[in-house]
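Each residue of the sequence shown is one higher than the one before, counting from 29 in the numbering used here.
Every residue, glycine too, gets a C-beta built ideally from N, C-alpha and C.
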Amino acid sequence: MSKILITGGCGFIGSHLARILCAQKHELLLLDAYLNYISPFISHYQHFLKARMAGLLDRPNVRIERGDIRVQKRIQQIMTEWRPDAVVHLAALPSAKEATLYPTEALQINVDGTLSVLEGVRAAGSVKRFIFASSSFVYGHFKSAEADETHPTDPIDVYGGTKLTGEILTKSYAKAHGFEYTIVRPSAVYGFGDANRRVSQILIENAMTGKSLVLHEGGKSRIDFTYAADLADGLARCLERPGAANEIFNLTRGRAREVREFALEVKRHFPHARIEERPSDAARPERGTLSIAKARELLGYAPSVDIESGIASYVADLKERGPRELVS
Ligand SMILES: NC(=O)c1ccc[n+]([C@@H]2O[C@H](COP(=O)([O-])OP(=O)(O)OC[C@H]3O[C@@H](n4cnc5c(N)ncnc54)[C@H](O)[C@@H]3O)[C@@H](O)[C@H]2O)c1
C-alpha cells in the first residue's frame with residue numbers, strides 16, 4: 029500500500045483512477061480546486077462532480093483537499109505534511125479549445141501550476157515516482173499515419189505548448205532531485221463523468237436532447253478515441269510497473285476512428301438524431317492513431333474498449349446517472 033496524491037483527483041480521469049487505486053487499498057489524497065472552464069449556462073459540472081465522487085467520499089483511505097496548484101505555499105504545505113510516495117499530476121486547464129480562449133490561464137495552471145507541484149515534490153522529499161498527464165497535442169500535426177513516442181514534438185497551439193513545457197519541467201526536476209518520472213500522452217478520452225464538452229460528450233448529449241450531431245468538414249478528422257476506464261488502467265500500471273520509470277507512453281486505444289464513425293455509432297442509439305455538416309470551426313492538429321506498442325510491452329497495457337462498446341456504456345451510464353435534463 030502506498031500514499032498517492034492525485035492533483036485534479038476530483039476530475040473526470042482522476043475519479044476513474046481514484047476508484048481503481050482505492051480498490052487496491054492505497055491511501056489517497058485527491059487535491060482539487062473544483063475549476064470548470066465551460067459556461068455554467070451549458071455545463072452540468074456540479075452534477076458530474078457529485079457523480080464522480082460517489083463511492084469515494086466515505087472511504088477511510090480517501091482524503092479530499094481543496095487546493096489550487098498555482099498557490100505554491102499551500103501545495104508545499106500539503107506535500108510536506110502528507111509526504112506522498114507517488115504523485116499523479118492531472119490538474120490542468122485540460123481543453124485545447126479553452127486554452128486558446130484563455131491562454132494566460134492555461135499557462136498559469138499548466139506551466140506555473142506544474143512547477144509548483146514539482147516544487148512540492150522537491151520539498152516533500154518522499155516521492156519516488158511522479159506521473160505527468162501530457163497530451164497527444166504535443167505532436168502537433170502527425171507526420172505519419174501512426175505516431176509512436178519518438179514522433180517529433182511540434183505543438184501548434186497553446187494547450188500542446190503548455191503540455192510540452194510540463195514534460196520538460198517534469199524530466200528536469202526528476203533528474204535534478206532524484207525521483208522517477210512517467211509521462212503519459214492520452215488522446216480524446218471519453219466516458220461517464222466528462223464535463224468539459226469535448227466532441228464525444230457534445231455528440232452524445234446533443235443526441236439525447238434532440239439537437240443535431242454537428243460534423244465539421246464531414247467529420248473526416250481521425251482521432252484515437254480512448255475509453256476512460258482503459259486510460260485509468262494504464263495510469264495505475266504506470267504507478268506500479270518498474271518498467272514505467274523515466275519513460276514516455278502513448279496511452280490511448282491505439283486505433284484512430286473518424287469523428288463521423290463516432291457520430292454514426294451515437295446515431296445507432298438515437299436513430300432520430302439528425303447529422304448536420306458544417307465547415308471547420310477551429311485549427312486543430314491533424315492526428316491519427318497513436319502507437320501503444322511500448323505501453324503494451326513495458327506496462328502490459330491492453331485497452332479493450334472500442335467506440336462501439338464504449339459509446340453503449342457511456343449512453344447507458346448517462347441514462348442511469350446523468351443530469352435529468354438529458355434524459356427527460
Ligand atoms: N480528457 C482528455 O481527453 C485528455 C486527453 C489528454 C490529456 N488529458 C489530460 O488529463 C488530465 C485530466 O483531464 P480531465 O479530462 O480529467 O479534465 P478534468 O477537467 O475533468 O479534470 C481536471 C481536474 O483538475 C482540477 N484543476 C484544474 N485546475 C486546477 C488548479 N489550478 N488547481 C487544482 N486543481 C485544478 C479541476 O478542478 C478538475 O477536477 C489533464 O491534465 C488533461 O490535460 C486529458
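Could you pull out every residue in the same chain whose Cβ sits closer than 7 Å to the Cβ of residue i, ignoring the five residues on either side in sequence?
| i | result |
| --- | --- |
| residue 95 | 59, 61, 102, 103, 106 |
| residue 8 | Residue 8 falls outside the range modelled here, since the chain spans only 29 to 356, and no answer is possible. |
| residue 199 | 209 |
| residue 131 | 186 |
| residue 305 | 243, 246 |
| residue 100 | 144, 147 |
Can you tell me which of the options puts its alpha carbon nearest to the alpha carbon of residue i?
| i | options | result |
| --- | --- | --- |
| residue 32 | 280, 170, 92 | 92 |
| residue 299 | 253, 239, 66, 123 | 239 |
| residue 116 | 84, 142, 295 | 142 |
| residue 169 | 314, 221, 326 | 314 |
| residue 307 | 254, 339, 248 | 248 |
| residue 243 | 110, 254, 97, 291 | 291 |
| residue 203 | 328, 336, 156, 324 | 156 |
| residue 330 | 186, 185, 255 | 255 |
| residue 121 | 128, 30, 137 | 137 |
| residue 57 | 284, 323, 35 | 35 |
| residue 41 | 318, 337, 219 | 219 |
| residue 109 | 154, 293, 284 | 154 |
| residue 83 | 166, 230, 72, 43 | 43 |
| residue 293 | 280, 324, 339, 333 | 339 |
| residue 335 | 162, 328, 284, 352 | 284 |
| residue 351 | 289, 73, 39 | 73 |
| residue 332 | 280, 349, 173 | 280 |
| residue 89 | 79, 55, 223 | 55 |
| residue 257 | 80, 69, 67, 70 | 80 |
| residue 39 | 175, 171, 123 | 123 |
| residue 346 | 181, 312, 230, 266 | 230 |
| residue 37 | 78, 311, 326 | 78 |
| residue 250 | 273, 312, 224 | 312 |
| residue 70 | 337, 223, 325, 305 | 223 |
| residue 326 | 175, 266, 305 | 266 |
Is it true that the CB of residue j sits closer than 7 Å to the CB of residue i?
| i | j | result |
| --- | --- | --- |
| residue 354 | residue 303 | no |
| residue 183 | residue 197 | no |
| residue 160 | residue 149 | no |
| residue 278 | residue 177 | yes |
| residue 259 | residue 287 | no |
| residue 76 | residue 246 | no |
| residue 268 | residue 210 | no |
| residue 215 | residue 164 | yes |
| residue 282 | residue 320 | yes |
| residue 128 | residue 86 | no |
| residue 301 | residue 235 | yes |
| residue 114 | residue 30 | yes |
| residue 179 | residue 187 | no |
| residue 98 | residue 162 | no |
| residue 151 | residue 316 | no |
| residue 318 | residue 252 | yes |
Can you give me the Cβ contacts of residue i inside the same chain, cut-off strictly under 8 Å, excluding the 5 residues immediately before and after it?
| i | result |
| --- | --- |
| residue 264 | 45, 48, 49, 52 |
| residue 139 | 190, 193, 194, 197 |
| residue 295 | 235, 241, 301, 303 |
| residue 171 | 179, 180 |
Output needed for residue i: all residues of its chain with C-beta closer than 6 Å, excluding positions within five of it in sequence on either side, in chain order.
| i | result |
| --- | --- |
| residue 201 | 146 |
| residue 126 | 65 |
| residue 175 | 167, 318 |
Label residue i either buried or exposed according to how many other C-beta atoms from any shown protein chain fall within 10 Å of its C-beta, with 16 as the threshold for buried.
| i | result |
| --- | --- |
| residue 237 | exposed |
| residue 309 | exposed |
| residue 226 | buried |
| residue 206 | exposed |
| residue 112 | buried |
| residue 144 | buried |
| residue 328 | exposed |
| residue 323 | buried |
Segments of 4+ residues assigned as alpha helix (DSSP H) that fall wholly inside the region 137-180: 141-152
Give, in chain order, every unbroken run of the beta strand (DSSP E) that is at least 3 residues long and sits entirely within the region 74-107. 90-94
Would you list, in sequence order, the uninterrupted beta strand (DSSP E) runs of no fewer than 3 residues that lie entirely inside the region 250-312? 275-278, 303-306
Uninterrupted alpha helix (DSSP H) stretches inside the region 191-238 (no shorter than 4 residues): 227-236
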